[in-house]
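In what follows, a structure is listed as structure tokens, so that the remarks can point back to it.
Residue numbers (this note's numbering): 10 to 267.
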């Protein structure tokens, strides 16, 4: 079976069991973690579909692929972290501390912009500045704020995510055949950074495509990577549910992956 055939088979099969999967997520002891993983799968699919619509546009597809890889690595991280912790803490951190950390950072930057607009920049925007706008934060300290940011970093510090995944890559023996792809993904994520940030490497690849670059940036390759990551992310969800629902999801895994 080719990779594309496995992907198509998995798409159809997962579509047929998706309602049951969602019901079991709600019953799960890892509900928040599996909800985060499930929604990450949806966003991975959106990005994969976006790549297919770029019609060979190297720059646009590279930006989308880099984001897709990042989403996939976070999904992979959620999957492994659930196995390592054997509790729902990673999902709780995602929807509590990470969500609030994002909010605090957004509000901090908005205050800094407002200061610049009014030509009265303050030396720092700390928790006290936020309390002036949100009195409900009373009792919330600067160290509390830093703790939220520190916990949240597990979801966006890709270097640390990469190290964590490499360290624990043998934890799921059923996926041993695909663990070697992790290094390729991390390296490609690194190269594609230039496209997201508008760097000269991306410019050269787009306008002065060499034979070596062509091997890396073929649209068919992008399609293959997108389909592979979509399929694997769904497999991670199935394997996570297997921990609680045993035989049912063991059978689903065999249908999707083997």
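Think of the CB as a built atom: it goes at the ideal place given N, C-alpha and C, for glycine as much as any other residue.
**OP:** Could you check how far apart the C-beta atoms of residue 181 and residue 92 are, in whole angstroms? I think they sit under 8 Å.
**Re:** 7 Å
Original post:
So, helix, strand or coil for residue 170, using DSSP?
Top reply: helix
Original post:
How about residue 77 and residue 61: are their beta carbons less than 7 Å apart?
Top reply: no
Subject >> Spatial neighbours of residue 266 in its chain, beta-carbon cut-off 7 Å, leaving aside the 5 residues before and after >> reply: 244
Original post:
Between residue 269 and residue 231, is the Cβ-Cβ spacing less than 7 Å?
Top reply: The requested residue 269 is not part of the displayed model; the chain covers only 10 to 267.
**OP:** Over the uninterrupted alpha helix (DSSP H) stretch that includes residue 241, give me the two end residues.
**Re:** 228-266
Original post:
Is the CB-CB distance between residue 158 and residue 110 below 7 Å?
Top reply: yes
**OP:** Provide the residue span of the alpha helix (DSSP H) that contains residue 67, from first to last.
**Re:** 67-94
Original post:
Can you tell me where the alpha helix (DSSP H) with residue 160 in it begins and where it stops?
Top reply: 151-161
Original post:
With respect to the alpha helix (DSSP H) encompassing residue 48, which residues constitute its N-terminal and C-terminal limits?
Top reply: 40-61
**OP:** Please list, in chain order, all residues of the same chain as residue 171 whose beta carbon is under 6 Å from its beta carbon, the five residues on each side excluded.
**Re:** 195
Original post:
For the putative contact between residue 53 and residue 44, defined by C-beta atoms under 8 Å, what is the C-beta separation to the nearest angstrom?
Top reply: Wrong, their Cβ atoms sit about 15 Å apart, outside the cutoff.
Subject >> For residue 235 and residue 227, the rounded distance between their alpha carbons >> reply: 13 Å
Subject >> Cα-Cα separation, residue 144 to residue 150 >> reply: 13 Å
Subject >> residue 130 CB to nearest heavy atom of the ligand SAH below 6 Å >> reply: For the ligand SAH, the structure offers nothing, since it holds no ligand at all.
**OP:** Please go through the same chain and pick out, in chain order, the residues whose beta-carbon is closer than 6 Å to the beta-carbon of residue 210, but skip the five residues on each side of it.
**Re:** 203
Original post:
Under the rule that 16 or more other beta-carbon atoms within 10 Å means buried, what is residue 11, buried or exposed?
Top reply: exposed
Subject >> First through last residue of the alpha helix (DSSP H) which encompasses residue 215 >> reply: 209-216
Original post:
Given a threshold of 16 other Cβ atoms within 10 Å of its Cβ, counted over all protein chains shown, does residue 47 qualify as buried or as exposed?
Top reply: buried
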